[in-house]
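Residue numbers (our numbering), protein chains in the order written: chain S, 103 to 385; chain F, 1116 to 1389; chain A, 38 to 328. By construction, the Cβ of each residue, glycine as well, lies at the ideal position given by its N, Cα and C atoms. Just so it is clear, the structure is predicted and the values come from calculations on it, not from any experiment. Report on one structure; see the data block that follows.
Structural data, given as structure tokens:
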């Protein structure tokens, strides 16, 4: 069974006036059907305001649907009895590195999740050590988070989620506030994690370079899923993506531009090697 | 750089005092502080001095650090000494300059007050030098746990305290950034009278508050995402467990307190006027 | 010469355990009207550097000249300097505080001592320059979207009519279209006015597309200072210090290595496409669809 499923999902944000009275609503998610298979690397792309973060928050029941249903590991997110199970199943890493770290020492923060789950003390230590190892931050275990770089903080946040042994990790724009090195660190850690733990990874982002290795990509715009497919299929549609306020890596754009000028190149070129090969063949 | 400021000035070292359970340190400091107020003779302070020096030695915190903790209260110290020196009446007059009179009682009270204050500060500093703010919060939470019976929000308060501690350096840094941004827009935070200075704080405080609320909201969501649902059913990664050294510390402090108070209150001993 | 730095050094927390050299012997000349990009990894000193340009940070040693005057001399009007050299920090929307956008943008001109009508006029002008819709002028800045907040914040600095505009990572946190919009706006501003524009950024592609000069900071010193094509030709050295060149640079070098004669100095997609097209055509390959 799929790890995450949504059927006719609709979500409305209330619009309030100065006195707090509801004066209408803004439809952030407009009838979305998504199926996410276990163990996959899924990417949800979209510009700011497309609804991708709102959708992400439905996966761990931070938000519940206005209409429609969301199932996580077979459980309905509206079921109050399953709330904490769902959140343990689907862990989430947020955008702002500082605003999700609670402990004043790295290892204590990673232990926060297991503490909440009532895990016995000895096992907490084991999990903390394993998780920090999994993200490559074990040597920083006694450090204060304040002294870490953005990329390191995000890795600690990921360790904190991994320590809860979730079946699925949702990363909501984890690299938006990081510099290129930090971004690389985090993505490498996520990749490592996927290989070792075989956990489902759902990456929410607007950076196209990050999703080249995904098994499946969903593109969102105005609360709808407007494109669905493999990276190659999605990247091939450069102009469509531009319409949805997204952009492709330079290599894909270059291939697209050359194709427009009449050169027969494959669609959806993702890497420099591919492009170079194809151009050489043309020569 | 601002992020390196530690509240209460924790001095990392590997001493037995550092390794004591925070509850022990809190309670013993309390006993020690109370004892300071019960002395009547100089003997009490002498015994307190011995105890304090013993603890400082054990803690491996350099003496000059402990003394640094006195810097903020130098003013208070001076004021206390001067007031008591000149305003206390009793005993013989030692010096008289114009209308200002220093009596033996005045000198005695002034010196005792000064010593008490100094010992108080040094003792408390020692506690904060050897205990991380988080350990302190854990200790206070455990000590106040009996209040749970009357449904006092002990866990919630402790959680709030540790989150506040975590975010103080972050908010300080943010204040610095906001100040720079407003100064870059020509804001003048230095000149003007009190009212003008207060007004010039608005462009700093409003964004700071907004930011703090935003962080709080983000943090709450992150905590819920990690299954935080209050104190029920929570286990601890670093539970506070008494060890032999804690029992020894309690014992030593008890001996000190009893001895010092008994001797300091009931044994007659005088050096000059003290 | 608009701004000149002579042997500027800056040391954080001198004589403490946290002492750190943030800037080492920086010598720079910035002529009026140039469009400059400053790149460097986190900790390279680029943020510290730009805060020296408007006197927010005072150099530990060395001199900063603005329009020929030493800004460290006695009685130099630093407040005046800050209206001439405008600095927009990263995530500038965090500085918004007034009850309406218009009032917030008036803050800068008001601090310059201008009468209210003038402040409002400048605020409106600045908001228009950044493409901020008029219908939101009276709205609370806290109710805007991220992109709008950022525009409002930038307008707040523009309203002071600076001659030099410094922007620290103006595209941080924006989505691709948001990034393009802001950078296009900035480029347009540079064209229309005679402002010197200094852009601090992590994105090589962004920088390559817009600026005429790049200063590369590395570990508190200037590593490279020149035209984009020059700077990116050192792409291997850039990589060695944790930076990168635009992806196009790598593509061109890879093509060259595979025997295709292309212009190695191309840094944008269009330049690369032109060069590849030319090279393939020269090799006599027909394009599909030509008759």
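Counted as a single uninterrupted DSSP element, the alpha helix (DSSP H) harbouring residue 283 (chain S) occupies residues 282-299. Between residue 1387 (chain F) and the set F:1206, F:1165, F:1134, the nearest pair of CA atoms involves F:1206. Annotation: the continuous alpha helix (DSSP H) that includes residue 1288 (chain F) extends over 1269-1299. Within chain F, the residues placing a beta-carbon under 8 Å from that of residue 93 (chain A) are 1295, 1298, 1299, ordered along the chain. Under DSSP, residue 1211 (chain F) takes part in a beta bridge, and its partners are F:1216.
Runs of the alpha helix (DSSP H) lying entirely within the segment 264-322 of chain A, each at least 4 residues long, are 265-270, 272-277, 284-294, 306-319 in chain order.
In terms of Cα proximity to residue 1354 (chain F), the closest of F:1305, F:1318, F:1252, F:1183 is F:1252. Cβ atoms of residue 127 (chain S) and residue 116 (chain S) come within 8 Å of each other, at about 5 Å. For residue 169 (chain A), none of the residues of chain F pass the 8 Å Cβ criterion, the least Cβ distance being about 17 Å.
Where residue 119 (chain A) is concerned, there is no enclosing beta strand (DSSP E), although the alpha helix (DSSP H) around it starts and stops at 115-121.
Contacts between residue 133 (chain A) and chain F, judged by CB atoms closer than 7 Å, involve 1322 in chain order. When Cβ pairs closer than 8 Å are counted between the two stretches, the segment 119-127 of chain A is seen not to touch the segment 64-78 of chain A, the count staying below three.
Using a CB distance below 7 Å, no part of the segment 178-190 of chain S faces chain A.
The beta-carbon of residue 313 (chain A) is placed less than 9 Å from the nearest beta-carbon of chain S. Secondary structure of residue 1198 (chain F) (DSSP, three-state): helix. About 11 Å separates the beta carbon of residue 288 (chain A) from that of residue 371 (chain S), a gap too long to meet the 8 Å contact definition.
Only residues of its own chain outside the window of five on either side were considered, and among them 145, 273 have a CB closer than 6 Å to the CB of residue 305 (chain S), listed in chain order.
Counting the other CB atoms within 10 Å of its CB gives residue 205 (chain A) a total of 16 or more, which places it among the buried residues. Put simply, the backbone Cα of residue 1209 (chain F) is about 20 Å away from that of residue 1193 (chain F).
Separation of residue 303 (chain S) and residue 312 (chain S) (C-alpha to C-alpha, rounded to the nearest whole angstrom) is 13 Å.
Annotated three-state conformation of residue 203 (chain S) is coil, per DSSP. For residue 177 (chain A), there are no C-beta contacts with chain F under 8 Å, since the nearest C-beta of that chain is about 11 Å from it.
Annotation: the continuous alpha helix (DSSP H) that includes residue 184 (chain A) extends over 183-195. With respect to chain S, the C-beta atom of residue 242 (chain A) has a partner C-beta closer than 9 Å. Counted as a single uninterrupted DSSP element, the beta strand (DSSP E) harbouring residue 127 (chain S) occupies residues 124-138.
Close partners of residue 194 (chain A) in chain F (Cβ separation under 7 Å): 1300. Interface annotation for the segment 71-99 of chain A against chain S: 78, 79, criterion Cβ-Cβ distance under 8 Å.
Under a criterion of Cβ atoms nearer than 7 Å, the residues of chain F adjacent to residue 120 (chain A) are, in order, 1301. The beta-carbon of residue 302 (chain A) is placed no less than 9 Å from the nearest beta-carbon of chain S. In the three-state scheme derived from DSSP, where H, G and I count as helix and E and B as strand, residue 115 (chain S) is classed as strand. Here the segment 270-289 of chain A does not lie against the segment 98-115 of chain A, with fewer than 3 beta-carbon pairs under 8 Å apart.
Counted as a single uninterrupted DSSP element, the alpha helix (DSSP H) harbouring residue 1311 (chain F) occupies residues 1309-1314. Rounded to whole angstroms, the separation of the alpha carbons of residue 1184 (chain F) and residue 205 (chain S) is 27 Å. In the DSSP annotation of this structure, the continuous segment of the beta strand (DSSP E) that includes residue 46 (chain A) starts and ends at 40-49. If you check each beta-carbon in the segment 240-256 of chain S against every beta-carbon of chain A, the ones closer than 9 Å belong to 251, 252.
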